[in-house]
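These protein sequence lines map, in sequence, to chains A and B. Under my numbering, the first residue of the first sequence carries the number 2, and numbering increases by one thereafter. Under my numbering, the first residue of the second sequence carries the number 6, and numbering increases by one thereafter. Here the structure is laid out as structure tokens; the discussion comes afterwards.
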Amino acid sequence: QKEVEQDPGPLSVPEGAIVSLNCTYSNSAFQYFMWYRQYSRKGPELLMYTYSSGNKEDGRFTAQVDKSSKYISLFIRDSQPSDSATYLCAMIPEADYKLSFGAGTTVTVRA
Amino acid sequence: KAGVTQTPRYLIKTRGQQVTLSCSPISGHRSVSWYQQTPGQGLQFLFEYFSETQRNKGNFPGRFSGRQFSNSRSEMNVSTLELGDSALYLCASSFGASSGNTIYFGEGSWLTVV
Chain A
2 QKEVEQDPGP LSVPEGAIVS LNCTYSNSAF QYFMWYRQYS RKGPELLMYT
52 YSSGNKEDGR FTAQVDKSSK YISLFIRDSQ PSDSATYLCA MIPEADYKLS
102 FGAGTTVTVR A
Chain B
6 KAGVTQTPRY LIKTRGQQVT LSCSPISGHR SVSWYQQTPG QGLQFLFEYF
56 SETQRNKGNF PGRFSGRQFS NSRSEMNVST LELGDSALYL CASSFGASSG
106 NTIYFGEGSW LTVV
């Protein structure tokens with residue numbers, strides 16, 4: 002079993018829809034949770050960063066962390082074709098410097 | 006502010022050769038880490054350096070090595086290349102003094118081994 006599980010999709014939604022992405026993990030030591038967006042043939046771009054449990058909102062993006070369930074989510078409101086990309090969840094334990102990634106979910110927003 | 010810079014962006018090597026990839030972190034960042042990304046395995050951690058010291062290493066063979074210089078720039082080297090080493094190699098940087106600093110990635114170096 003992988004340390005971080007993420008459904009690879011692909012996920013296709015119409016423009017304006019809410020995109021819901023999630024990851025589950027097994028290592029209870031994870032404390033820092035990130036979402037990255039990666040366009041084709043580009044490096045991952047940091048979207049959201051959350052420490053421990055809770056919600057964080059930034060524009061159209063909302064990240065949620067539920068440590069009791071070992072479950073994190075990313076919601077994209079009013080999705081745009083420019084949101085079409087692969088979304089990677091990543092997490093890191095306290096006092097560690099190694100990111101553990103999910104497999105990435107490929108999202109297509111149809112105009 | 007300039008981001009993480011990786012060179013070269015694309016390269017093709019022959020089996021058995023070696024390759025060196027370079028990374029310049031964001032100004033002020035002292036931690037540099039390297040990841041390998043392949044379609045089959047996803048993103049896998051190679052190693053991390055802070056102030057010229059390797060603090061963490063992933064599960065890769067000894068053919069993969071790295072170093073960090075006093076100006077925080079880093080290089081990674083892969084010797085005796087194999088076809089399976091074809092991948093996107095990503096460098097990431099952070100302030101790094103403690104864990105939990107936000108980590109930013111470069112655009113990567115695409116390595117093809119033929």
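Even glycine gets a Cβ: it sits at the ideal position worked out from N, Cα and C.
With a threshold of 8 Å on Cβ separation, who are the neighbours of residue i within its own chain once the five nearest residues in sequence on each side are excluded?
i	result
B/I31	K6, A7, G8, V9, S98 and Y109
B/R20	L86, E87, L88, V118 and V119
Can you tell me whether DSSP reads residue i as helix, strand or coil?
i	result
B/G89	helix
B/S77	coil
A/P94	strand
B/S99	strand
B/P44	coil
A/S21	strand
A/S53	coil
A/S83	helix
B/E53	strand
B/G105	coil
A/S101	strand
A/Y1	A question about residue 1 of chain A goes unanswered here, because the residues of chain A that appear run from 2 up to 112.
A/Y40	coil
Run through chain B and tell me which residues come within less than 9 Å of residue i, C-beta to C-beta.
i	result
A/K68	The contacting residues do not exist; A/K68 stays about 15 Å from chain B at best.
A/Q2	Per Cβ cutoff of 9 Å: no residues; A/Q2 is ~15 Å from chain B at best.
Run down chain B in chain order and give the residues with a C-beta less than 7 Å from the C-beta of residue i.
i	result
A/G105	G47
A/F102	G47 and L48
A/G44	L95, F110, G111, E112 and G113
A/Y52	G105
I'd like the list of long-range same chain contacts for residue i, defined as Cβ closer than 7 Å, with 5 residues on each side in sequence excluded.
i	result
B/V83	Q23, V24, R68, F69 and D90
B/G101	H34, R35, S36 and F55
B/P13	S114
A/Q7	C24, C90, G103, A104, G105 and T106
A/Y52	Q32 and Y33
B/G47	none
B/I17	T117 and V119
B/Q41	Q49, L51, A92 and Y94
Along chain A, in chain order, which residues have C-beta atoms closer than 7 Å to that of residue i?
i	result
B/Y109	L47
B/E57	Ordered by position in chain A, no residue passes the 7 Å Cβ test against B/E57, which lies about 15 Å from the chain.
B/E53	Y98 and K99
Please check the pair residue i and residue j, which I expect to be a contact at CB under 8 Å, by giving their CB distance rounded to whole angstroms.
i	j	result
B/S38	B/E57	That belief does not hold up - the Cβ atoms of B/S38 and B/E57 are roughly 14 Å apart, past 8 Å.
A/L22	A/Y37	About 11 Å separates the two Cβ atoms, so there is no contact after all.
B/S77	B/C96	Not quite, the Cβ-Cβ distance comes to about 11 Å (not below 8 Å), so this is no contact.
B/F52	B/N61	7 Å
A/M49	A/K43	Incorrect: roughly 18 Å between the Cβ atoms, too far for contact.
A/G17	A/S80	7 Å
A/Q65	A/S27	19 Å between Cβ atoms; not a contact.
A/S13	A/T109	5 Å
A/T63	A/F76	4 Å
I'd like the list of long-range same chain contacts for residue i, defined as Cβ closer than 6 Å, with 5 residues on each side in sequence excluded.
i	result
B/L26	M81, Y94 and S114
A/L100	A91 and I93
A/S74	N23 and Q65
Name, please, each residue of chain A whose Cβ falls closer than 8 Å to the Cβ of residue i.
i	result
B/R60	Y98
B/L116	The premise fails here: B/L116 is roughly 13 Å from chain A at the closest Cβ pair, so nothing lies under 8 Å.
Who are the neighbours of residue i on chain A, taking C-beta pairs under 9 Å?
i	result
B/E87	Ordered by position in chain A, no residue passes the 9 Å Cβ test against B/E87, which lies about 23 Å from the chain.
Quick one: which residues of the stretch 73-93 of chain A get their C-beta closer than 9 Å to a C-beta of chain B? List them in chain order. L89, A91 and I93
Near-chain A residues of the stretch 10-37 of chain B - C-beta to any C-beta below 9 Å: Q11 and S36
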